[in-house]
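Engineer: As you go down the protein sequences, you meet chains A and B in turn.
Residue numbers for the first sequence follow our numbering, so the first one is 2 and each next one is one higher.
Residue numbers for the second sequence follow our numbering, so the first one is 2 and each next one is one higher.
Yeah, the Cβ is synthetic: ideal placement off N, Cα and C, and Gly gets one too.
None of these values were measured; they are calculated from a predicted model.
Protein chains: 2
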Amino acid sequence: MAQPQPKAQQAGALPRPTLESVAERAGVSRATASRVVNGGTGVREALREKVRQAVDELGYAPNLAARTLVTRRNQAIAVVVAEPESRLFSDPFFAQHLRGISRELSAADNQMVLLLIEAQQDYERVGRYLAGGHVDGALLFSLHRSDPLPEMARRVGLPTVIGGRPGWPGAESDRELVYVDSDNRGGARMAVQHLRSLGRTRIATITGPLDQTSSTDRLDGYRDLIPDGDPALIAEGDFTPDGGGRAMTELLARRPDLDAVFAASDAMASGALRVLRAHGRRVPEDVALVGFDDVESIAAWTEPPLTTIRQDIEEMGRLMARLLLRRLASPAQPLAPTSVITPTQLVRRESA
Amino acid sequence: MAQPQPKAQQAGALPRPTLESVAERAGVSRATASRVVNGGTGVREALREKVRQAVDELGYAPNLAARTLVTRRNQAIAVVVAEPESRLFSDPFFAQHLRGISRELSAADNQMVLLLIEAQQDYERVGRYLAGGHVDGALLFSLHRSDPLPEMARRVGLPTVIGGRPGWPGAESDRELVYVDSDNRGGARMAVQHLRSLGRTRIATITGPLDQTSSTDRLDGYRDLIPDGDPALIAEGDFTPDGGGRAMTELLARRPDLDAVFAASDAMASGALRVLRAHGRRVPEDVALVGFDDVESIAAWTEPPLTTIRQDIEEMGRLMARLLLRRLASPAQPLAPTSVITPTQLVRRESA
DNA sequence: GCGAGAGGTGAGAGCGCTCCCAGATATCAT
DNA sequence: ATGATATCTGGGAGCGCTCTCACCTCTCGC
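(1) To which residues of the same chain is B/P242 closer than 6 Å at the C-beta, ignoring the five residues directly before and after it?
(2) So what does DSSP say about A/E21, is it helix, strand or coil?
(3) Between A/Q97 and the rest of its own chain, which residues show a CB-CB distance below 8 Å, the 5 nearest in sequence each way excluded?
(4) Quick check: what's the CA-CA separation for B/Y124 versus B/H145?
(5) I'd like to know whether the C-beta of A/W302 is nearer than 7 Å to at least one C-beta of chain B.
(6) Can you list, in chain order, the residues of its chain with a C-beta nearer than 6 Å to that of A/L116? Leave out the 5 residues immediately preceding and following it.
(7) Got a sec, what are the start and stop residues for the alpha helix (DSSP H) B/R74 sits in?
(8) Output yes or no for whether 7 Å exceeds the beta carbon distance between B/L234 and B/A289.
(9) At what residue ranges does the stretch 90-153 of chain A contain a whole run of the alpha helix (DSSP H), taking only runs of 4 or more?
(10) Take A/L325 and list the residues in its own chain whose beta-carbon comes closer than 7 Å to its own, dropping the five residues that flank it on each side.
(11) Determine, for A/V114, whether the minimum Cβ-Cβ distance to residues of chain B falls below 7 Å.
(12) If we cut at 7 Å on Cβ distances, does B/S35 have a partner in chain A?
(13) Inspect the CB distances between the stretch 338-348 of chain B and the stretch 172-184 of chain B and report whether three or more fall short of 8 Å.
(14) Quick check on the burial criterion: 16 or more other C-beta atoms within 10 angstroms. Buried or exposed for B/E173?
(15) Taking the straight line between their C-alpha atoms, what separation do you get for B/Q10 and B/V276?
(16) In this structure, does DSSP put B/V29 in helix, strand or coil?
(17) Taking B/S266 as the query, report the chain A residues whose CB atoms sit under 9 Å from its CB, ordered along the chain.
(18) Is the Cβ of A/F95 closer than 7 Å to any Cβ of chain B?
(19) What number of angstroms, rounded off, separates the C-alpha of A/G13 from the C-alpha of B/R74?
(20) Determine the extent of the beta strand (DSSP E) in which B/E237 is found, giving its start and end residues.
(21) Would you check if there are 3 or more beta carbon pairs closer than 8 Å linking the stretch 51-61 of chain A to the stretch 105-115 of chain A?
(22) If you check the beta carbons only, do A/V296 and A/A353 fall under 7 Å apart?
(23) Counting along the chain, where does the beta strand (DSSP E) carrying A/A205 start and finish?
(24) Would you grab the beta carbon distance between A/S30 and A/Y180 for me? Rounded to a whole angstrom, and I think it's under 8 Å.
(25) Might you give, ordered along the chain, the residues of its own chain that have their beta carbon closer than 6 Å to the beta carbon of A/T19, omitting 5 neighbours on each side?
(26) List the residues of chain A that B/R17 touches, going by C-beta distances under 8 Å, in chain order.
(27) What does DSSP give as the partner residue(s) for B/D294 in the beta ladder?
(28) Report yes if the CB atom of B/A261 is closer than 7 Å to the CB atom of B/L106, and no otherwise.
(29) Can you pull the chain B residues whose beta carbon is under 8 Å from the beta carbon of A/R126, in chain order?
(30) Threshold first: 4 residues or longer. Then list the alpha helix (DSSP H) segments lying entirely within the stretch 152-219 of chain B, N to C.
(31) Three-state secondary structure (DSSP) at A/T345?
(32) Just to confirm my understanding: we take B/P170, look at its own chain, exclude 5 residues before and 5 after, and list those with CB closer than 6 Å. What are they?
(33) List the residues of chain A that B/A233 touches, going by C-beta distances under 7 Å, in chain order.
(34) Closer than 9 Å by beta-carbon distance: list the chain B residues that pair up with A/R129, in chain order.
(35) Along chain B, in chain order, which residues have C-beta atoms closer than 8 Å to that of A/R328?
(36) Report buried or exposed for A/Q213, applying the criterion of at least 16 other Cβ atoms within 10 angstroms of its Cβ.
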């Protein structure tokens, strides 16, 4: 555990002023000083001004730990990312989410505590942390089918918002589960519809890992438009370029006559593109290709640039934070905020 | 104190057990219980076991706020990223750094508070936070020439480690400044050396923004091997694919006879690659190209795959955290940890 | 001019924890 | 046994803050 460090006072750090000293300097009581520091209602202007001045002169900043101790409010929320490699480091996905969250949170003076889960044992550590009452709420990401986190959070009564539609059994009907997701299914439909409008008839798809709802939802969107399609036109990838390439190879072997591909992520599309070229297929002439995500650094820089389905990832992050904050603000009605589906949009470039 | 409505208690959250209740259940004093919970030296095994059992039964978790209040230790460190767009969202750079940091920090039971700076006013907010004593130390990233953050941190006596060599005047000789950087100069030399060994003689370079040391150091490395090169062979980019492309266009206009390019980042290299192809130059036959960073999702997926200089970003993050923790552990000798330069390495693919 | 009410203010009690110090107990030599 | 020493243990004092509640001012209406 922690090292028995005796009063880890930093060298050179003067003792920070306390409310007490502010009060003294302003010639008021600690209670009055506190009132001024927080909101300041019910204090005569004259005194209020005095206190403000004392605060300035002393450079007072409230001690959050002391405040938390009595208010039980941490002004901090946890962002838990349970991403086993794959996407986290190939997409800027993650960073964009964080940015949206950061914006919303700091506007409300909340801090963001980032918890990365990489191995099984991390779950325990994170669970302990969430149960420890160090944060007021949690934003959970990239949950796979049977992720223990939401249940952990619920058990300790920690308000939670999930990124991406949860897919475990029963999640469907669980009113307590609040999540933000983009319209994966609608986006996929848009992609396929676009390929169709180009006159393509043998449209294949490369899916993400099918234990994630974002993958299955996109596949469902594809099937919405191609209800009785040949199963040979469907191959499973893993959201990486490599996986996309492998899936493409499979598809080409099974249906050399395919004339379009909808890849469920730009990263996979970039892998597919490579394989297509290696097989001498021209894109988009021979095979039209549509991706998903609109990750700038991939989609705009492949050769040819990728037509893709855009989702506003930053907005999703912002939304998640907003939902959580709203819930924290009104604990009376814990069910108030409901899940949100954000729209997707077709971005035409040159691959289809 | 009566409890008509237990403060901001979350619905459904039972009141958390306190050390007091653990002590009572174990039949010892609060002090003894505390000893067992932290380290546990100086308590007889029999009692210790009793306390441990009480902890388990009650599901006790220490209240960090209370602990912080007395120990002045937060078990939390701030990670400040002051990255105006550019790199943050095109490279997985950032995520990898965070991963390294996260690993090291969580091993030492420290939390990571992430602070993103996007606009000028954010500096004030972050400065206030750092001064607020909420964290025990800070990891600072992507500082540009006259970033106010290090000075802020120093003023409040907050131990700090910087990612990337600081470049402001005087930083050179400031022994207090601890940073971790990769061997940018050596890496650049390696890149140019490699191009030379291929027989190239008209080697151009695309630099990053020259207000960052990572850019200037790489340029210095280039100049080490080409001391009296034609200035027309040097163009400034901005670490984005777009910027790399623009720089490449310039270079081609100025020196159509160039036969090699060293781009100071993979992202810029990918942009340059595009422009080269658009101008009908074959890579590597006509123009050999070397990047920098070895960002998997870029370097491995361009056409042809990029030969580049690899730096171990995750390791850098880990190192930064380790340095900071070490410094926190021994405040007595604040100068003990010194800056570290991590090695770089040539990764040969097909572009050179 | 006086009482009632409204509005301001301060004393003090904790929040849950750590750590100092004194006292209790056990251990060991003499 | 007896004292001296080493080892454990618990009481209690805060850390800095918020919040209740009683009190103390004013102001106003009559």
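Structural biologist: So, from the data block:
(1) By one-based count along the second sequence, residue 242 of chain B stands at place 241. Spatial neighbours of B/P242 in its own chain (CB-CB distance under 6 Å, excluding positions within 5 residues in sequence) are listed in chain order as A268, S271 and G272.
(2) If you number the first sequence from 1, residue 21 of chain A lands on position 20. Of the three classes helix, strand and coil, the one that applies to A/E21 here is helix, per DSSP.
(3) Indexing the first sequence from 1 puts residue 97 of chain A at position 96. These residues qualify, in order along the chain: I314, E315 and G318.
(4) Position 123 of the second sequence, counted from the first residue, corresponds to residue 124 of chain B. Position 144 of the second sequence, counted from the first residue, corresponds to residue 145 of chain B. In a straight line, the C-alpha of B/Y124 is about 13 Å away from that of B/H145.
(5) The residue you call residue 302 of chain A lines up with position 301 of the first sequence. Cβ-Cβ to chain B under 7 Å: yes for A/W302.
(6) Locating residue 116 of chain A in the first sequence gives position 115, where the first residue counts as 1. Residues A79, V81 and V127 of the same chain have their beta carbon placed closer than 6 Å to that of A/L116, with the five preceding and five following residues left out of the count.
(7) Along the second sequence, read from residue 1 onward, the residue named residue 74 of chain B stands at position 73. Note, B/R74: premise wrong, no alpha helix (DSSP H); not H, not E.
(8) Locating residue 234 of chain B in the second sequence gives position 233, counting from the first residue. Locating residue 289 of chain B in the second sequence gives position 288, counting from the first residue. No, the Cβ-Cβ distance between B/L234 and B/A289 is not below 7 Å.
(9) Taken in chain order, the complete alpha helix (DSSP H) segments of 4 residues or longer contained in the stretch 90-153 of chain A are 94-108 and 121-132.
(10) Counting from 1 along the first sequence, the entry for residue 325 of chain A is found at position 324. Answer for A/L325: I78, G138, L140, P160 and V162, listed in chain order.
(11) Counted from its first residue, the first sequence places residue 114 of chain A at position 113. Interface residue, yes.
(12) Counting from 1 along the second sequence, the entry for residue 35 of chain B is found at position 34. With a threshold of 7 Å between beta carbons, B/S35 makes no contact with chain A.
(13) Short answer: they touch.
(14) Mapped onto the second sequence, residue 173 of chain B falls at position 172. Burial check for B/E173: the Cβ neighbour count within 10 Å stays below 16, so the residue is exposed.
(15) In the second sequence, counting from the first residue as 1, residue 10 of chain B sits at position 9. In the second sequence, counting from the first residue as 1, residue 276 of chain B sits at position 275. Only weak support exists for where B/Q10 lies, its pLDDT of 39 falling under 50; the value from the coordinates is given anyway. Their Cα atoms are separated by approximately 60 Å.
(16) Within the second sequence, numbered from 1, the residue matching residue 29 of chain B stands at position 28. DSSP places B/V29 in coil when its eight states are reduced to three.
(17) Position 265 of the second sequence, counting from 1, holds the residue named residue 266 of chain B. Chain A residues near B/S266: none, gap ~12 Å exceeds 9 Å.
(18) Within the first sequence, numbered from 1, the residue matching residue 95 of chain A stands at position 94. Yes, because at least one Cβ of chain B sits closer than 7 Å to the Cβ of A/F95.
(19) Mapped onto the first sequence, residue 13 of chain A falls at position 12. Mapped onto the second sequence, residue 74 of chain B falls at position 73. Because A/G13 carries a pLDDT of 44, less than 50, the predicted location of this residue cannot be relied on, and the following value inherits that uncertainty. Those two C-alpha atoms are separated by around 16 Å.
(20) The sequence position of residue 237 of chain B within the second sequence is 236, counting from 1. Its beta strand (DSSP E) spans residues I235 to E237.
(21) Cβ pair count under 8 Å is below three, so no.
(22) Within the first sequence, residue 296 of chain A is the residue found at index 295, counting from 1. Within the first sequence, residue 353 of chain A is the residue found at index 352, counting from 1. With contacts defined by Cβ atoms closer than 7 Å, A/V296 and A/A353 do not form a contacting pair.
(23) Counted from its first residue, the first sequence places residue 205 of chain A at position 204. For A/A205, the uninterrupted beta strand (DSSP E) run begins and ends at I204 to T208, by DSSP.
(24) Taking the first residue of the first sequence as 1, we reach residue 30 of chain A at position 29. Taking the first residue of the first sequence as 1, we reach residue 180 of chain A at position 179. Taking the Cβ atoms as the reference, A/S30 lies roughly 47 Å from A/Y180, outside the contact range of under 8 Å.
(25) As a position in the first sequence, residue 19 of chain A is number 18, starting the count at 1. Correct list: empty, nothing qualifies.
(26) What you label residue 17 of chain B is simply residue 16 of the second sequence in a count that begins at 1. Within chain A, the residues near B/R17 are G134.
(27) Along the second sequence, read from residue 1 onward, the residue named residue 294 of chain B stands at position 293. Residue pairing of B/D294 in beta bridges, as defined by DSSP: B/R311.
(28) As a working mapping, residue 261 of chain B is identified with position 260 in the second sequence. As a working mapping, residue 106 of chain B is identified with position 105 in the second sequence. Going by C-beta atoms, B/A261 is not nearer than 7 Å to B/L106.
(29) Working through the first sequence from its first residue, we reach residue 126 of chain A at position 125. Result: S107.
(30) Here the runs fully enclosed are 185-198.
(31) Working through the first sequence from its first residue, we reach residue 345 of chain A at position 344. Strand.
(32) As a working note, residue 170 of chain B is residue 169 in the second sequence. There are no such residues.
(33) On the second sequence, position 232 is the one that residue 233 of chain B refers to. Neighbours of B/A233 on chain A: none; closest Cβ ~26 Å, over 7 Å.
(34) Here residue 129 of chain A refers to the residue found at position 128 when the first sequence is read from its first residue. Among the residues of chain B, those whose CB is under 9 Å from the CB of A/R129 are A62, following chain order.
(35) Start at 1 with the first residue of the first sequence, and residue 328 of chain A comes out as number 327. Residues of chain B passing the Cβ test: none, with the nearest at roughly 10 Å.
(36) Position 212 of the first sequence, counted from the start, is the residue given in the question as residue 213 of chain A. With 16 or more other Cβ atoms from the protein chains shown falling within 10 Å of its own Cβ, A/Q213 counts as buried.
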